[in-house]
Amino acid sequence: MKKLLSLLMAATMLIFVLAGCTQSGTTPEPTKAPEGTKAPAETEGPGQQTELTTITLPTYRSGEDVGARFFIPQVERFNKEYEGRFKIVIEESPSNTHTDRIKQLALQDRLPAVFQVSDSKWVEDYLIANKKLYNLKDWIESKPELKKLFIKDSLDFCTKEDGGVYALPLTVLRPTGLYYNSDLIKPEGSLTSMTWEEFSDFLGDQKISYQTAEGGWTVNLILTAILGSLEGGPEVLRAGVSNKITDFNTPLFIEAFTILQNSFLKNGWSGAIGATYPDAANAFYSKQTAILPDGTWIIDKINDPTDWANGFDGSKVVGDYYPGNVAIANPCVYDWMMPANLPENEKELALAFFEFINRPEEIEAFILAEGGIAPNLEYSESFKTELAKNKLLSDFANNANPDMTYVPYFHDAIDASLFTGDFSNFLVYLYNGSWTPEQFAQELTKSAQGQ
16 MKKLLSLLMA ATMLIFVLAG CTQSGTTPEP TKAPEGTKAP AETEGPGQQT ELTTITLPTY
76 RSGEDVGARF FIPQVERFNK EYEGRFKIVI EESPSNTHTD RIKQLALQDR LPAVFQVSDS
136 KWVEDYLIAN KKLYNLKDWI ESKPELKKLF IKDSLDFCTK EDGGVYALPL TVLRPTGLYY
196 NSDLIKPEGS LTSMTWEEFS DFLGDQKISY QTAEGGWTVN LILTAILGSL EGGPEVLRAG
256 VSNKITDFNT PLFIEAFTIL QNSFLKNGWS GAIGATYPDA ANAFYSKQTA ILPDGTWIID
316 KINDPTDWAN GFDGSKVVGD YYPGNVAIAN PCVYDWMMPA NLPENEKELA LAFFEFINRP
376 EEIEAFILAE GGIAPNLEYS ESFKTELAKN KLLSDFANNA NPDMTYVPYF HDAIDASLFT
436 GDFSNFLVYL YNGSWTPEQF AQELTKSAQG Q
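Quick note, this note's numbering runs 15 ahead of the 1-based positions in the sequence shown.
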């Protein structure tokens with residue numbers, strides 16, 4: 016009996032001790048997880064916890080890149096909405112080394128949970144061929160409101176022979192054109208109604224902001240538009256996105272290089288040889304040139320007086336497209352992708368991010384920031400009001416027309432190493448007239464074919 020009483024007293028004391036622990040009102044400090052790992056986070060349910068999933072996203076749309084102005088705040092909005100559940104940490108990846116970096120990570124089986132890479136051929140030949148990418152088909156089919164926003168040509172391109180969809184199709188197309196300073200030139204109507212010869216004659220002594228270094232971005236845009244205006248050119252560019260062009264010894268390219276060289280010799284800016292893009296842009300912002308080929312993502316820069324010089328006024332700039340009624344836009348690209356066989360929590364984060372950036376309000380915010388069109392989205396009234404306030408975006412919207420030819424970038428139709436390598440190196444000789452268009456075509460072909 017005494018033994019039984021002792022056991023009862025011990026049990027009673029244990030109950031009081033446990034009750035005291037649960038009612039003390041203090042909780043232990045959570046252990047901080049290392050950066051890039053999962054840490055505990057409270058959920059809405061009382062007493063429940065879920066794990067915070069954190070991923071690192073290497074992107075060129077960071078740092079000083081103009082695309083960072085919209086993208087970084089967009090990621091912050093995503094992180095805020097999913098606070099305690101998902102978090103994306105941005106890691107700067109400079110554009111000139113980003114593609115090589117992603118390729119190295121792929122070889123190491125360390126692809127980020129979400130990523131972008133511009134080399135379409137490598138995506139097909141390595142990532143898709145080796146089943147390295149997550150198939151988005153079932154997820155897309157489960158999101159009918161999202162699916163209807165995808166541009167058909169983009170969805171078709173991302174859908175492969177097995178029916179799988181291995182990259183997020185585009186909802187926005189951003190036609191790239193050019194800017195001109197109306198203080199220096201005053202065309203009657205749009206430049207798109209002109210031929211290239213008429214365009215050059217119209218410019219007279221006015222100059223174009225060309226550059227030869229780093230792939231010659233602004234040259235690349237003019238060459239793309241020239242090819243897009245020639246018979247057979249659009250088809251060659253579109254085919255080159257998947258099967259890179261290696262033979263430039265053709266009548267099409269020789270004609271295009273001839274038109275380009277004539278533009279160099281008559282309307283080329285004197286500082287173009289060895290110039291980078293900032294050099295070419297600053298020539299425009301200081302009224303040394305009348306034309307700057309580039310996309311809508313620089314609109315904020317044009318309106319920012321920081322780099323204005325020599326009486327330049329951004330309010331006098333007009334947005335337009337290219338002679339021959341050509342605009343540059345390529346729906347046939349692999350944009351956002353995610354690796355196959357991700358852990359379930361990282362897969363959920365990636366899919367949540369893909370859905371988030373394609374919400375109507377995010378699409379509209381993107382267009383207002385960087386330009387473009389979302390052909391399958393019914394725009395809100397507030398968006399239409401805001402768009403009307405942006406003169407340059409309105410210029411591009413008004414100068415587009417139903418008969419316009421849209422072509423992919425020339426640099427997307429050739430090997431990436433050729434674009435930043437010998438194409439850029441050889442431009443100097445075409446620019447100064449020391450090579451004929453035929454010589455340029457021959458040497459470019461040798462480089463493309465590894466001769």
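Idealized CB from N, CA, C, for every residue including glycine.
Have a look at residue i and residue j and give me their C-alpha separation to the nearest angstrom.
i: threonine 68; j: lysine 147; result: 22 Å
i: serine 108; j: isoleucine 117; result: 10 Å
i: glycine 465; j: glutamate 139; result: 21 Å
i: leucine 280; j: leucine 445; result: 9 Å
i: glutamine 38; j: glutamate 66; result: With a pLDDT of 34 at glutamine 38, under the threshold of 50, the predicted position of this residue should be treated as unreliable, though the coordinate-derived value follows. Approximately 25 Å between the Cα atoms of the pair.
i: glycine 178; j: tyrosine 141; result: 18 Å
i: phenylalanine 368; j: serine 409; result: 29 Å
i: isoleucine 15; j: isoleucine 313; result: Given a span of 16 to 466 for the chain in the structure shown, any question on residue 15 remains unanswerable.
i: serine 257; j: proline 423; result: 11 Å
i: arginine 374; j: leucine 193; result: 29 Å
i: isoleucine 288; j: tyrosine 225; result: 8 Å
i: valine 234; j: leucine 242; result: 12 Å
i: glutamate 453; j: glycine 230; result: 20 Å
i: valine 443; j: isoleucine 317; result: 28 Å
i: aspartate 220; j: threonine 227; result: 20 Å
i: lysine 201; j: proline 249; result: 29 Å
i: tryptophan 6; j: tyrosine 337; result: The chain is shown from 16 up to 466; residue 6 falls before or after that span and cannot be answered.
i: isoleucine 87; j: serine 395; result: 24 Å
i: alanine 324; j: asparagine 297; result: 9 Å
i: methionine 209; j: phenylalanine 268; result: 21 Å
i: arginine 100; j: asparagine 94; result: 9 Å
i: leucine 218; j: proline 320; result: 25 Å
i: glycine 255; j: phenylalanine 425; result: 8 Å
i: serine 462; j: arginine 92; result: 45 Å
For residue i, list the residues DSSP reports as bridge partners.
i: proline 308; result: Leu193
i: isoleucine 388; result: Leu188
i: lysine 102; result: Thr69
i: alanine 342; result: Tyr421
i: tyrosine 337; result: Val341
i: valine 332; result: Asn196
i: threonine 74; result: Glu107
i: glycine 283; result: Ile223
Using beta-carbon positions only, say whether residue i and residue j come within less than 9 Å of one another.
i: leucine 188; j: isoleucine 223; result: no
i: proline 190; j: isoleucine 343; result: yes
i: tryptophan 232; j: tyrosine 292; result: yes
i: threonine 239; j: glycine 339; result: no
i: proline 159; j: cysteine 173; result: no
i: tyrosine 349; j: serine 197; result: no
i: leucine 407; j: glycine 436; result: no
i: phenylalanine 535; j: leucine 459; result: Residue 535 lies beyond the stretch modelled for the chain, which goes from 16 to 466, so this question has no answer here.
i: methionine 353; j: valine 129; result: yes
i: phenylalanine 455; j: phenylalanine 441; result: yes
i: tyrosine 149; j: lysine 362; result: yes
i: glycine 334; j: threonine 311; result: yes
i: isoleucine 260; j: valine 251; result: yes
i: alanine 431; j: threonine 74; result: no
i: serine 77; j: glutamate 106; result: yes
i: valine 389; j: leucine 402; result: Reading off the sequence shown, one finds alanine at residue 389, where the question assumed valine. It is not a contact, given that the beta carbons lie outside the stated cut-off.
i: glutamate 468; j: lysine 162; result: Missing from the structure shown is residue 468; the chain here goes from 16 to 466 and no further.
i: serine 244; j: threonine 420; result: yes
i: leucine 364; j: threonine 186; result: no
Is it buried or exposed, residue i, if we count other Cβ atoms within 10 angstroms and call 16 or more buried?
i: lysine 102; result: buried
i: asparagine 414; result: buried
i: proline 417; result: exposed
i: threonine 480; result: In the structure as shown, the chain starts at 16 and stops at 466, and residue 480 therefore has no counterpart that could be examined.
i: arginine 125; result: exposed
i: glutamine 276; result: buried
i: leucine 122; result: exposed
i: threonine 112; result: exposed
i: alanine 144; result: exposed
i: glutamine 119; result: exposed
i: glycine 247; result: exposed
i: glycine 326; result: exposed
i: glutamate 98; result: exposed
i: serine 169; result: buried
i: valine 332; result: buried
i: serine 278; result: buried
Every unbroken beta strand (DSSP E) inside the segment 132–207 [3 residues or more]: 192–196
In chain order, each alpha helix (DSSP H) run of at least 4 residues that lies wholly inside the segment 349–409: 359–372, 375–385, 396–404
Alpha helix (DSSP H) runs contained entirely in the segment 223–273, provided each spans 4 or more residues: 232–244, 248–257
field: Minimum length 4: unbroken alpha helix (DSSP H) runs contained in the segment 78–130
entry: 83–96, 110–122
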